[in-house]
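Structure representation (structure tokens):
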């Protein structure tokens, strides 16, 4: 089946070469980081996690987003998702692969990563995150591949795969819950110390993951004969729209708790992210434009996505999905992790700016993710189109 | 066999490349390393044969025992000489020349232990 | 394959897996329980002020007044500690590594600095800041490899051999007591000056990519010495060090008779450091 990835149009090969070139440049950046140490990044004693961990956090959500396709299709027997569900599973594979790469890129001693297995530590959330992420990766490779292969052979998928598919559903919830637990279980960081963090992660995941999928589906509709179908498209709009609304509801809850209670620790980070944090005679606000843009884009995206459905406009659908995707990418892929470090434990402020090498490595990991995704989608779509022809 | 004109030479080249380290290094085995032992001391913390094969195990045991189990920081050799259970403050007291002792065998076996990334070697040998 | 043989193989396989997995799973569960009960005890002690302490628990009282009376003393504690522990000085804030340092009241006690009627002198006090060696340490809970752990004497120690450099402990520590080796501490700056001015041959350095912090001088405690900073401040008694679980110890006596405060008590970490302001 994999040989399908080796035959493609010129466009496909140009795209793959483009990704490979980014991977190459980022790879060189990583060699530099490996030789010099993480000091080559913009991270500091005060902001100890930067874009690597924030991208990781966001991508766990993209991976978990696949659940919004698997659940209706396999549990509720919602046939309209028949063509798109494999895209969800394969997207999860690529997203988890990126997550693992981002974690490795963030380690000070990457050669010792296996110490997590060598000295298993159940009271560490990072240990559980390692288990759920790798488990989810295996489950999605297994389920996605077996189901697709059955389709390729023209038979129904074997019975034994069903339990794994069912298992993958709560497992998807678990990956984002445990990832939230990394943050919300730390007593000193008020911005993260909120029980609503895991639900908020899930809400944004169920919007951002399917939104990205939708954009890719629309691209495929244009460039190949693969069409996920109007019904699936409309149903996804409902899912993305409501999940995005739920995320904003949760964000509103955070605002209420912070500003109504006037509890300083809860207000400080929100101040820093949305209004600028006055500290001494300086105002720190390097993330404010991003966070405000995130809210505007997210709300506009929600409004537009329903308009796009009413007007049956694919162009508008793509725009609204991009708005929602980038809104949540800023919210979780920037603000959530970086904001948690401001102010620091001594009530001081250090702002973080990623270095060029750091951005190079980040771009390369995204490129690797899309490389994996392109291969998997090439295979899936070739099989689907071949069977339908 | 289909296409054997290409497959067999390719296999031979592949095997040759894979085994090239053996060909390159063949004949070197006789040059056994001779680590220089300290002159003023006659016995180590454990028999030579054990130390030769398992000193790294012993060092790890010391580390975990002292750091995590509040284990004794000193020990006694079979002949009753007291020693410090520490690489930097124990081993290197007698084996004071890292180059002539540690490195000789480690280079021979191409082992790169990370001990010296943190632990300091005696000054005079540096 | 007949069904009996198949069943047998299945059972054999499952038993083998269970046999491999069960002891470790059971052990870790037990360990988890032990941790839980310890926390219970600590919480009980916090609530009622009376628990049955077992074993040693090293602690320290920092008398800030005495440091104010002896200018330069706090800085001397810092430089002594950093010298004997081979703590590098990178000369910039981004890469900074510190085990113990002098900071201002509003930074060390941010929650207690919220009103404007506090004496101005408070801000100029030299407050010695180091790892709190918490009884209920969030960093130990967070570490995925047990590279940081609590010794039986209550010291929060680090095993640099095991640290993978994930910096989860740095996110978890409510006191900013941890530093990361962003670059090689054995390196040199642009002028060729080594980051570690003069290496102490008795103590190791660290390597790039691991987290480090104050170790309460475990290497000195083990041979019957007191921590280096306490030794520096010994004459003035600005630092009182001892076993918190021994009611007769000097530190317990000071705590019994003097009002002390702790950093961020609301975080539930139960620090082993106490401050006289």
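Residue numbers (the numbering used here), protein chains in the order written: chain A, 43 to 431; chain B, 7 to 132; chain C, 33 to 309. We put the CB at the ideal spot given by N, CA and C, even for glycine.
{"query": "Residues, ordered as in the chain, of the stretch 283 to 304 of chain C that lie near chain B by beta-carbon distance below 7 Å", "result": "none"}
{"query": "Closest by C-alpha distance to residue 421 of chain A, when choosing among A/122, A/124, A/187", "result": "A/187"}
{"query": "One or two residues paired with residue 380 of chain A in a DSSP bridge", "result": "None; residue 380 of chain A has no bridge partner."}
{"query": "Residue span of the beta strand (DSSP E) that contains residue 190 of chain C, given as start and end", "result": "188 to 190"}
{"query": "Local conformation of residue 324 of chain A per DSSP, three classes", "result": "strand"}
{"query": "Classification of residue 153 of chain C by the beta-carbon crowding that lies within 10 angstroms, buried from 16 upward", "result": "exposed"}
{"query": "Neighbour flag for residue 128 of chain C against chain A, beta carbons, 8 Å", "result": "yes"}
{"query": "Members of the stretch 86 to 108 of chain B that neighbour chain C once the beta carbon cut-off is set at 8 Å", "result": "94, 95"}
{"query": "Within chain C, partners of residue 432 of chain A - CB distance below 8 Å", "result": "The shown model of chain A, from 43 to 431, leaves out residue 432 of chain A, and the question about it has no answer."}
{"query": "C-beta contact flag for residue 241 of chain C and residue 70 of chain A at 8 Å", "result": "no"}
{"query": "Cβ of residue 204 of chain C within 8 Å of any chain B Cβ", "result": "no"}
{"query": "Of the residues C/210, C/303, C/97, C/299, the one placed nearest residue 128 of chain C, counting alpha carbons only", "result": "C/210"}
{"query": "Neighbour flag for residue 80 of chain A against chain C, beta carbons, 8 Å", "result": "yes"}
{"query": "DSSP three-state assignment for residue 44 of chain B, whether helix, strand or coil", "result": "coil"}
{"query": "Where residue 89 of chain B sits in the DSSP three-state scheme", "result": "strand"}
{"query": "Environment of residue 216 of chain C [buried if 16+ CB atoms lie within 10 Å]", "result": "buried"}
{"query": "Chain-order list of residues whose beta-carbon lies under 6 Å from that of residue 189 of chain A (same chain, five-residue window excluded)", "result": "199"}
{"query": "Residue-level contact to chain A via CB, residue 178 of chain C, 8 Å cutoff", "result": "yes"}
{"query": "Touch test, the stretch 94 to 113 of chain B against the stretch 21 to 40 of chain B, Cβ-Cβ under 8 Å, three pairs minimum", "result": "yes"}
{"query": "Backbone secondary structure at residue 180 of chain C - three-state DSSP", "result": "strand"}
{"query": "Residue from C/268, C/183, C/283, C/171 with nearest C-alpha to residue 244 of chain C", "result": "C/171"}
{"query": "Same chain, Cβ closer than 6 Å to residue 298 of chain C, five either side skipped, listed in chain order", "result": "none"}
{"query": "Neighbour flag for residue 64 of chain B against chain C, beta carbons, 8 Å", "result": "no"}
{"query": "Completely contained alpha helix (DSSP H) runs for the stretch 75 to 109 of chain A, where each covers 4 or more residues", "result": "93 to 106"}
{"query": "Contacts around residue 198 of chain C, its chain only, beta-carbon distance under 6 Å, and the 5 residues preceding and following it disregarded", "result": "none"}
{"query": "Cβ neighbours of residue 240 of chain A in the same chain (closer than 6 Å, five flanking residues each side left out)", "result": "219, 222"}
{"query": "Close beta carbons around residue 51 of chain B, own chain, < 7 Å, minus the five adjacent residues each side", "result": "81, 83, 89"}
{"query": "Rounded straight-line distance, which links the Cα of residue 251 of chain A to that of residue 289 of chain A", "result": "13 Å"}
{"query": "Buried or exposed by the 16-neighbour rule on C-beta atoms within 10 Å, applied to residue 424 of chain A", "result": "buried"}
{"query": "Entirely enclosed beta strand (DSSP E) segments - the stretch 252 to 333 of chain A, minimum 3 residues", "result": "319 to 321, 324 to 326"}
{"query": "Residues that DSSP places opposite residue 275 of chain C in a beta bridge", "result": "C/90"}
{"query": "Bounding residues of the alpha helix (DSSP H) (the contiguous stretch that carries residue 223 of chain A)", "result": "203 to 226"}
{"query": "Sequence-distant residues of its chain with Cβ nearer than 6 Å to residue 91 of chain C (five each side left out)", "result": "276, 283, 304"}
{"query": "Nearest residue (CA-CA) to residue 432 of chain A, options A/428, A/99, A/104, A/121", "result": "The question about residue 432 of chain A has no answer, for chain A in this structure spans 43 to 431."}
{"query": "Contact under 8 Å by Cβ, residue 229 of chain A with residue 177 of chain C", "result": "no"}
{"query": "Residue-level contact to chain C via CB, residue 351 of chain A, 8 Å cutoff", "result": "no"}
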